[in-house]
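Asker: I am attaching a structure below and will ask some questions about it afterwards.
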Amino acid sequence: MHQRPAAAATTTPDPNDLDGPAGGTVLLRGGFVYSPADPFATAMVVDGDTVAWVGSEGAADSFADGVDQVVQLDGALVTPAFVDAHVHTTATGLALTGLDLGAAPTLADALDRTAAYADAHPGDRVLLGHGWDDTRWPEGRPPTREELDRAVHGRPLYLARTDVHSAVVTTALLDLVPGAADLPGHHPAGPLTRDAHHAARAAAYAAVTPAQRAAAQRAALRHAAARGIGSLHECAGPDISSQDDLTGLLALAAAEPGPRVHGYWAEPVSGPADLERLRDLGAVGAGGDLFVDGSLGSRTAALHDPYADHGPDAEAGHRGVTYLDADTIARHLTLCTQAGVQAGFHAIGDAAVAAVVDGVRAATSTAGLDRVRALRHRVEHAESMTDATIAAFAEYGLIASVQPAFDAAWGGDDGMYAARLGRERARTLNPYAAMTRAGVPLVLGSDSPVTPLDPWGTVRAAAFHRTPEHRISARAAFNAHTRGGWRALGRDDAGVLVPGAPADYAVWQVGDLIVQTPDERVANWSTDPRSGTPGLPDLTPGTPLPTALRTVVAGRTIHRPPNG
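Taking this note's numbering, the leading residue of the sequence shown gets 1, the next gets one more, and so forth.
Rendered as structure tokens:
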């Protein structure tokens, strides 16, 4: 076990604070620096937007007189800033500033909260809410349209389920969607799914003004920065947001201090015009939430075998929904590979993941294995994996962009996964250890607002998976949530604190620094100083998580507590 750090870092006035670009040199000393360059580092020098040196306290003395600023860490921990590899920024901001039903303990309480929110927002053209989860309510069902109509006195209302793959709406909201009753996924007695849901969401979000959208984006980016997140992968697309939403977010992030934002656009590529649109949007890839299927909670994830509970709006034997056929998947991957563009898909169920693998195989036969591997194509979520699909991910260099907080929220023998699939199948989900052993690159994210922006909680969820054989070490999870996010963008030089790396880092108030792995024998040896293994905060469930004292991007402070 490493020395227990002190409570907080003491800083002097910072020339690289929120009101200006990075500049000058900064020495951080008297703490712990998480770096592969020196597992016992206590100090770091940043020159402008670049890490210049990492080393010991004794060596730091020689730099002290030659820098522009000295930051006394007072035992705090410095790590690379986190990368959240799957975020919906505007929706996150709207959830932060709007109606969040995630804490509603019952359906009745959710209806009361909805009514109170409507009364408090008489001027909103459309009422927006998020986070309800009927599997956690004693009533065991979502609100009906009639109940919602009464709660908001007939106003337009859109309430997304926690997984954002279905929603309940009012009659007035449906009136904004011509032909809604004829769209696939329209259920008069239940939540909207599929095309009906996408159309209802588009109508609801169309009522958000540009000023409201920008305010929501700023709220989400501030929230991310306060949690030590330095970069976000925005997963945008026509079924999720809009082109204006993505271009506005990228412009805002480029113009104002805050986390970096890298945008993905989820629309199938079928020709040169689609590739040109990607460039015009400023997207880094043609993927993110390009839906092959839906979600387990909404019973729209595509499965080889039927759901264990078919639900009120699906017949027995229901196997979910497939949105893209095999030809579309293969064409998208082939054209992206030939154009040198990273591609990706949303795939949760085992049938959807297998369909993506088949598409990659077809692209490989046309473009060649080396070109496919070089582009690091992505699969978002990849929850239901088999030995065969894990092996294929490793063979083709596919990145698995996963969300461990899903397991923390819905895993276990008493969770939603078990209700949807039965306990035996549920225990196979999110097999991070098997994927890591096979050499599948993992990157971690939240899918916020589906689960919160909470990077240390995400690392904890991977290290303490509800199914023990799927656990990975805290160090592996941490690396997947920092350096892994940059590697998914084709950057192997970032997400790590070594000389020459971008100065994206966070300073943390922490407790004990330890080494946590699923194998206690490994953990015991790794805590021995001779092992040279840097420690991380104790993430044992119930232990307080670290608090961000400062978040820095490209040498510029983007977050510091009001009294920090």
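Just so it is clear, CB atoms sit at the ideal spot from N, CA and C, and this is done for glycine as well.
Quick one: grab the DSSP three-state call for Tyr505.
Answerer: strand
Asker: Contact between the region 42–53 and the region 338–348 is defined here as three or more beta-carbon pairs at a separation below 8 Å; is this criterion met?
Answerer: The region 42–53, when compared against the region 338–348, does not touch it at the 8 Å Cβ threshold.
Asker: If you count every other CB in all the chains shown that lies within 10 Å of the CB of Glu572, and 16 or more means buried, which is it?
Answerer: Outside the displayed range of the chain (1 to 564) lies residue 572, so it cannot be described from this structure.
Asker: Between the region 195–214 and the region 58–68, do three or more beta carbon pairs fall short of 8 Å?
Answerer: no
Asker: Which complete alpha helix (DSSP H) runs does the region 196–226 hold, if anything under 4 residues is left out?
Answerer: 210–225
Asker: From the DSSP output, in three-state form, read off Ser35 for me.
Answerer: Coil.
Asker: What is the rounded straight-line gap between the Cα of Val450 and the Cα of Gly66?
Answerer: 47 Å
Asker: Sorry if obvious, but does the Cβ on Asp387 come closer than 7 Å to a heavy atom of the ligand SAM?
Answerer: With respect to the ligand SAM, the structure offers nothing, as it holds no ligand at all.
Asker: With a CB to CB cut of under 6 Å and the five nearest residues on each side skipped, what residues in its chain are close to Glu383?
Answerer: Here the set comprises Ile348, Leu429 and Asn430.
Asker: Throw me the rounded Cβ distance for the Thr90 and Ser241 pair, which I believe falls under 8 Å.
Answerer: 6 Å
Asker: Give the DSSP-derived three-state secondary structure of Phe464 in the structure shown.
Answerer: coil
Asker: Measuring straight from C-alpha to C-alpha, what distance separates Ala302 and Ala352?
Answerer: 5 Å
Asker: Is it buried or exposed, Ser565, if we count other Cβ atoms within 10 angstroms and call 16 or more buried?
Answerer: The requested residue 565 does not occur in the structure, where the chain is confined to residues 1 to 564.
Asker: Does the distance from the CB of Ala330 to the CB of Gly359 come in under 8 Å?
Answerer: yes
Asker: Compute the beta-carbon to beta-carbon distance between Leu290 and Pro259, rounded to the nearest angstrom, for a pair I have assumed lies under 8 Å.
Answerer: At roughly 23 Å, the Cβ-Cβ gap does not stay under 8 Å, so Leu290 and Pro259 are not in contact.
Asker: Assuming contact is defined by CB atoms lying nearer than 8 Å, are Asp84 and Ser446 in contact in what I supplied?
Answerer: Cβ atoms of Asp84 and Ser446: closer than 8 Å.
Asker: Could you name the residues of the same chain whose beta carbon sits closer than 8 Å to that of Arg420, not counting the 5 residues immediately before and after it, in chain order?
Answerer: Leu296, Gly297, Arg299, Tyr307, Ala308, Asp309 and Ala426
Asker: How many angstroms separate the CA atom of Asp149 from the CA atom of Arg213?
Answerer: 26 Å
Asker: Give me the residue from Asp387, Ala388 and Val372 with the minimum Cα distance to Leu398.
Answerer: Val372
Asker: Ordered along the chain, which non-local residues of its own chain (more than five positions away) have a Cβ less than 6 Å from that of Thr92?
Answerer: Ala220, Ser448 and Pro449
Asker: Reducing DSSP to helix, strand and coil, say where Pro562 ends up.
Answerer: coil
Asker: How big is the Cα-Cα spacing for His121 and Arg136?
Answerer: 27 Å
Asker: Looking only at its own chain, which residues have a Cβ that is under 8 Å from the Cβ of Thr247, when we skip the five neighbours before and after it?
Answerer: In its chain, beyond the 5 residues on either side, Leu281 and Gly282 have a beta carbon closer than 8 Å to the beta carbon of Thr247.
Asker: Check the DSSP bridge columns for Thr547 and list the partner residues they point to.
Answerer: Gln509
Asker: Closer than 8 Å by C-beta to Arg171: which residues in its own chain qualify, once you throw out the five before and the five after it? Chain order, please.
Answerer: Checking the sequence shown, residue 171 turns out to be Thr, not Arg. Cβ within range, chain order: Arg145, Asp149 and Gly154.
Asker: In angstroms with no decimal places, state the Cα-to-Cα distance between Ala438 and Ser62.
Answerer: 45 Å
Asker: In its own chain, which residues sit with a C-beta less than 8 Å from the C-beta of Val78, not counting the 5 before and 5 after it?
Answerer: These residues qualify, in order along the chain: Leu28, Gly31, Phe32, Val33, Tyr34, Met44, Leu497, Tyr505, Ala506, Val507 and Trp508.
Asker: Have a look at the DSSP bridge pairing and note the partners of His121.
Answerer: Bridge partners of His121: none, in fact.
Asker: How big is the Cα-Cα spacing for Val169 and Ala196?
Answerer: 11 Å
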